[in-house]
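Using UniProt numbering, the first residue of the sequence shown is number 1, and each one after it goes up by one. Don't be surprised by glycine CBs; every beta carbon is placed ideally from N, CA and C.
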Amino acid sequence: GCRRLSSQELLEEGYVTTLSGHPLRIHEREGSIYVNDFARVVSSDQEAVNGVLHFIDRVLLPPDVLHWEPDAAPALRRNVTAAAEGFGYKIFSSLVKEAGLLPLLQDASHRPLTMLWPTDSALRALPADRQAWLHHEDHRDKLAAILRGHVIRNIEALASDLPNLGPLRTMHGTPISFSCSRARPGELTVGEEDARIVQRHLPFEGGLAYGIDQLLEPPGLGARCDRFETRPLRLKICSICGLEPPCPEGSQEQGSPETCWRYYSKFWTSPPLHSLALRSIWARSSLWGQPQGLGRGCHRNCVTTTWKPSCCPGHYGSECRACPGGAGSPCSGRGVCMDGMSGSGQCQCHARFTGTACELCAPGAFGPQCQACHCSSHGRCDEGLGGSGSCFCDEGWTGPSCEVQLKLQPVCTPPCAPQAACRADNSCECGLGYEGDGHTCTVVDLCQEGRGGCSEHANCSQVGTAVTCTCLPAYEGDGWSCRARDPCADGRRGGCHEHADCLNTGPNTRRCVCHAGYVGDGLQCLEEPEPPVDRCLGQPPPCHVDAVCTDFHFQEKQAGVFHLQAPSGPYGLNFSEAEAACGAQGAVLASLPQLSAAQKLGFHLCLVGWLANGSAAHPVVFPAADCGGGQVGVVSLGARENRSECWDAYCYRELDVACRCRRGFVGDGTSMCNGKLLDVLAATANFSTFYGMLLGYANATPRGLDFLDFLDDELTYKTLFVPVNEGFLDNMTLSGPDLELHASNATFLSTNASQHTVLPAHSGLSLVFSAVGPDNSSGAPVAPGAVVVSHVVMWDIMAFNGIIHALARPLLAPLQPRAVVAPEAPPVAAGVGAVVAAGALLGVVAGAFYLRARGKATGFGFSAFQAEEDAEEDFTPWQEGTSPTLVSVPNPVFGSHDAFCEPFDDSLLEDDFPDTQRILAV
Numbered sequence: 001g002c003r004r005l006s007s008q009e010l011l012e013e014g015y016v017t018t019l020s021g022h023p024l025r026i027h028e029r030e031g032s033i034y035v036n037d038f039a040r041v042v043s044s045d046q047e048a049v050n051g052v053l054h055f056i057d058r059v060l061l062p063p064d065v066l067h068w069e070p071d072a073a074p075a076l077r078r079n080v081t082a083a084a085e086g087f088g089y090k091i092f093s094s095l096v097k098e099a100g101l102l103p104l105l106q107d108a109s110h111r112p113l114t115m116l117w118p119t120d121s122a123l124r125a126l127p128a129d130r131q132a133w134l135h136h137e138d139h140r141d142k143l144a145a146i147l148r149g150h151v152i153r154n155i156e157a158l159a160s161d162l163p164n165l166g167p168l169r170t171m172h173g174t175p176i177s178f179s180c181s182r183a184r185p186g187e188l189t190v191g192e193e194d195a196r197i198v199q200r201h202l203p204f205e206g207g208l209a210y211g212i213d214q215l216l217e218p219p220g221l222g223a224r225c226d227r228f229e230t231r232p233l234r235l236k237i238c239s240i241c242g243l244e245p246p247c248p249e250g251s252q253e254q255g256s257p258e259t260c261w262r263y264y265s266k267f268w269t270s271p272p273l274h275s276l277a278l279r280s281i282w283a284r285s286s287l288w289g290q291p292q293g294l295g296r297g298c299h300r301n302c303v304t305t306t307w308k309p310s311c312c313p314g315h316y317g318s319e320c321r322a323c324p325g326g327a328g329s330p331c332s333g334r335g336v337c338m339d340g341m342s343g344s345g346q347c348q349c350h351a352r353f354t355g356t357a358c359e360l361c362a363p364g365a366f367g368p369q370c371q372a373c374h375c376s377s378h379g380r381c382d383e384g385l386g387g388s389g390s391c392f393c394d395e396g397w398t399g400p401s402c403e404v405q406l407k408l409q410p411v412c413t414p415p416c417a418p419q420a421a422c423r424a425d426n427s428c429e430c431g432l433g434y435e436g437d438g439h440t441c442t443v444v445d446l447c448q449e450g451r452g453g454c455s456e457h458a459n460c461s462q463v464g465t466a467v468t469c470t471c472l473p474a475y476e477g478d479g480w481s482c483r484a485r486d487p488c489a490d491g492r493r494g495g496c497h498e499h500a501d502c503l504n505t506g507p508n509t510r511r512c513v514c515h516a517g518y519v520g521d522g523l524q525c526l527e528e529p530e531p532p533v534d535r536c537l538g539q540p541p542p543c544h545v546d547a548v549c550t551d552f553h554f555q556e557k558q559a560g561v562f563h564l565q566a567p568s569g570p571y572g573l574n575f576s577e578a579e580a581a582c583g584a585q586g587a588v589l590a591s592l593p594q595l596s597a598a599q600k601l602g603f604h605l606c607l608v609g610w611l612a613n614g615s616a617a618h619p620v621v622f623p624a625a626d627c628g629g630g631q632v633g634v635v636s637l638g639a640r641e642n643r644s645e646c647w648d649a650y651c652y653r654e655l656d657v658a659c660r661c662r663r664g665f666v667g668d669g670t671s672m673c674n675g676k677l678l679d680v681l682a683a684t685a686n687f688s689t690f691y692g693m694l695l696g697y698a699n700a701t702p703r704g705l706d707f708l709d710f711l712d713d714e715l716t717y718k719t720l721f722v723p724v725n726e727g728f729l730d731n732m733t734l735s736g737p738d739l740e741l742h743a744s745n746a747t748f749l750s751t752n753a754s755q756h757t758v759l760p761a762h763s764g765l766s767l768v769f770s771a772v773g774p775d776n777s778s779g780a781p782v783a784p785g786a787v788v789v790s791h792v793v794m795w796d797i798m799a800f801n802g803i804i805h806a807l808a809r810p811l812l813a814p815l816q817p818r819a820v821v822a823p824e825a826p827p828v829a830a831g832v833g834a835v836v837a838a839g840a841l842l843g844v845v846a847g848a849f850y851l852r853a854r855g856k857a858t859g860f861g862f863s864a865f866q867a868e869e870d871a872e873e874d875f876t877p878w879q880e881g882t883s884p885t886l887v888s889v890p891n892p893v894f895g896s897h898d899a900f901c902e903p904f905d906d907s908l909l910e911d912d913f914p915d916t917q918r919i920l921a922v
């Protein structure tokens, strides 16, 4: 797809490369042209509109197709690193992983991709220092930038299309192009023959790759070969051998201690030690004049290891740019480049070579190797890279070097052209740089033929036979060799802001990137604001612990910034209209830091809008030629002097934090998220007494367990009255009916409370709401089987399956009359003595009970509860504090008859209620 070759040109070339990337060998045998010694050309040079056809007698198959199975399933495309390893590009695959580029390459917004994979042999051929630099963890960002220069987004280019696509842009933002090689027909190269494509059509999930024979160097990144450098430390102290002080901090000892000479005092055993050069041996103190002596000492051999920035061979300057001629062949291999970080990049050419990149022959030399001409002073040499070295002799001279003078001056009739010389036999020969029959000589258009030897990035002009080459504006050099101009090396850092780096992105193009801690487009950099933080992660958290928190300001990935257009369409708002449009949305024009925060969260838009400072800008997340010119960040047009210009608007509105209780909880999500009724009881410290009694009731009787299940049921909504801890007197406990009296399967809110409202209780009784006087007497008579509810200290505590009202005192079920059962009549045959004995025994027992009851203090009863009616009511502490550990304690009253209200006798506790006595003893 690169050249149109006739059969004769095929034979002259010998080898060509097909679109698949496979080489073909062309040769002639027995008068026929053969391809790869396999297929014979049966018809050649069949002209077509867009090429030439050569017909062969056999089908050519690539090697990988020879072993193809017809029923084999097509291979699935693998991810980029697995595919690279499978095709043999293992080092490149590891570099992609180390640079952390997989998420970028897997992003669907960038696909399809065209990638260039350097071969393992090319990467191994790099200098060892360069390889170490690429793999060092401190250079991950530079490595990622270099690898992004091998990726082209949003295109899957076939080999047949590459030379015709023109300049493309890599994901590093630098331009890249492809061309046909001049060395072999059909071969493809990257850029100005910077790299050669050695393998084609390597599919992977998301795109297509090509193998290249070297690592590309995006402009501005250079080729660093930093290395560790070890330097010895010169210690000033010479010590007693075996007592040398340790090496200074930051250095390490290497080898054994070395000997040195030191002065020592004759009168002190521990004198200060001083270093002494070896020449001081001859400057010993006089035995009579100085009280010092000279002796042998030791000092440690200490070295420091530092990381020294360095350029790879063939690169120069602080940015490590490639020397003229390219990194692969500095100075075209015909000179020595002044490389290194302190180098100038100039080429010192070998003898017979000249030019910026030593690409030209010096005067008096010819041919590709610039051989010396051997013409005498009477002849002119056909010199230069394309010269033949032949000598064009002046009239009257001849010989290979024009060293022989003719005896007779030749005369030509008619006379020769002024640009020609007359030769013997009345012939005229046009001079160098002219063509014709000698009588008429015209200048050869050297610029038409091979561009006159000028660089492909230069303009060729010709006056007479003299050719002048001038580099294009975006390039610099002598015209014969032109390299891309670096705008960052203009002494003004390319016009970038003082807090920005200038990055060379191509011929005379640059990108300004703000330093860490600053935001902007590089031409203007402001201090970076605090990065947007999810307010749900703050301390203290804005929501309840049992709520789901959503920060809309953070979750929408725009940090409160949104784009606004005029109703008529894009770019229809001047500055004042943009302010008004944002205000109508309850927002203001966004500031540059606010737009930058949104960009960092992924806000990407290619529409310019007004900002609060009167500038116009738009956010760019990934580079594109048609969106910000390949820049990434906030691309700003700067402050607009004319605020009547029409753009869109970027507005800012701080969004809310939403708190929503998790499933199974109710509340506002901020201050309250309550679970089921039992969860609220367990979590509220001032409900612990009542909650403990509920657990004891459930542990003691099946009816209590059923009541607990009733309270835990999610399907029915209930009302529960819970007395606070302060409402229970010492040793006060509630029976099962008392506990069940506090619950209702009906829903009752404070708004429903009124005088004489009746609510059915779970125990079967009724609850009546009424105002109660200080003596606990209602203002109206209460129906039998009803209990008065009063002194509610807190209404409407919401739960997931009901509602709780807090009471100042517990509710007590009314006393039930004890049923009396008549004993069976004794048999008629029973003796009178037995009746008398039984009566006497009953009398004794009854007397004992009476006497003990008269002598024992009055125990727990309802009157005690009534006696506390006038006690001070302060129930605020129950809302504070943390929930105590709750212990289930069985209720000792549950086993007694409902009508029994007198205190227990000690003997009864021991004899009739052993379980209760054991529990109370605990």
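How should residue i be labelled, buried or exposed, when 16 other C-beta atoms within 10 angstroms of its C-beta is the threshold for buried?
{"i": "Gln405", "result": "exposed"}
{"i": "Lys407", "result": "exposed"}
{"i": "Arg663", "result": "exposed"}
{"i": "Gln558", "result": "buried"}
{"i": "Asn426", "result": "exposed"}
{"i": "Asn504", "result": "buried"}
{"i": "Ala128", "result": "exposed"}
{"i": "Ala82", "result": "exposed"}
{"i": "Thr17", "result": "buried"}
{"i": "Cys312", "result": "buried"}
On a CA-only basis, which of the options is nearest residue i? Give me that one, please.
{"i": "Thr119", "options": "Leu134, Ile91, Leu60 and Ser671", "result": "Ile91"}
{"i": "Asn642", "options": "Met794, Leu537 and Ala616", "result": "Ala616"}
{"i": "Tyr263", "options": "Glu249, Pro246, Ile240 and Val561", "result": "Ile240"}
{"i": "Thr174", "options": "Gly764, Gly704 and Ala484", "result": "Ala484"}
{"i": "Lys97", "options": "Gly538, Asn79 and Gly386", "result": "Asn79"}
{"i": "Asn752", "options": "Arg124, Gln599, Gly186 and Trp795", "result": "Trp795"}
Do you know how far the Cα of residue j is from the Cα of residue i?
{"i": "Pro309", "j": "Gln462", "result": "46 Å"}
{"i": "Val722", "j": "Ser591", "result": "55 Å"}
{"i": "Glu726", "j": "Phe562", "result": "56 Å"}
{"i": "Trp133", "j": "Ala223", "result": "9 Å"}
{"i": "Leu276", "j": "Leu243", "result": "With a pLDDT of only 40 at Leu276, under the threshold of 50, the placement of this residue in the model should not be trusted, and no figure is reported."}
{"i": "Pro219", "j": "Ser43", "result": "48 Å"}
{"i": "Gly764", "j": "Leu739", "result": "12 Å"}
{"i": "Gly191", "j": "Leu162", "result": "11 Å"}
{"i": "Arg451", "j": "Gly572", "result": "50 Å"}
{"i": "Gly386", "j": "Ile146", "result": "38 Å"}
{"i": "Leu432", "j": "Gly211", "result": "45 Å"}
{"i": "Ser596", "j": "Ser93", "result": "33 Å"}
{"i": "Cys482", "j": "Pro246", "result": "57 Å"}
Verify whether the separation of the beta carbon atoms of residue i and residue j is less than 7 Å.
{"i": "Gly675", "j": "Phe800", "result": "yes"}
{"i": "Cys454", "j": "Cys441", "result": "no"}
{"i": "Cys323", "j": "Gly335", "result": "no"}
{"i": "Asn301", "j": "Glu258", "result": "yes"}
{"i": "Cys2", "j": "Gly186", "result": "yes"}
{"i": "Gln599", "j": "Val634", "result": "yes"}
{"i": "Tyr34", "j": "Pro23", "result": "no"}
Based on the DSSP secondary-structure assignment, which residues constitute the bridge partners of residue i?
{"i": "His618", "result": "Val635"}
{"i": "Arg322", "result": "Note that residue 322 is Ala in the sequence shown, not Arg. In DSSP, Ala322 forms a bridge with His315."}
{"i": "Asn731", "result": "In DSSP, Asn731 forms no bridge with anything."}
{"i": "Cys373", "result": "According to DSSP, which records beta bridges pairwise, Cys373 is partnered with nothing at all."}
{"i": "Glu527", "result": "Tyr518"}
{"i": "Leu208", "result": "Thr114 and Pro203"}
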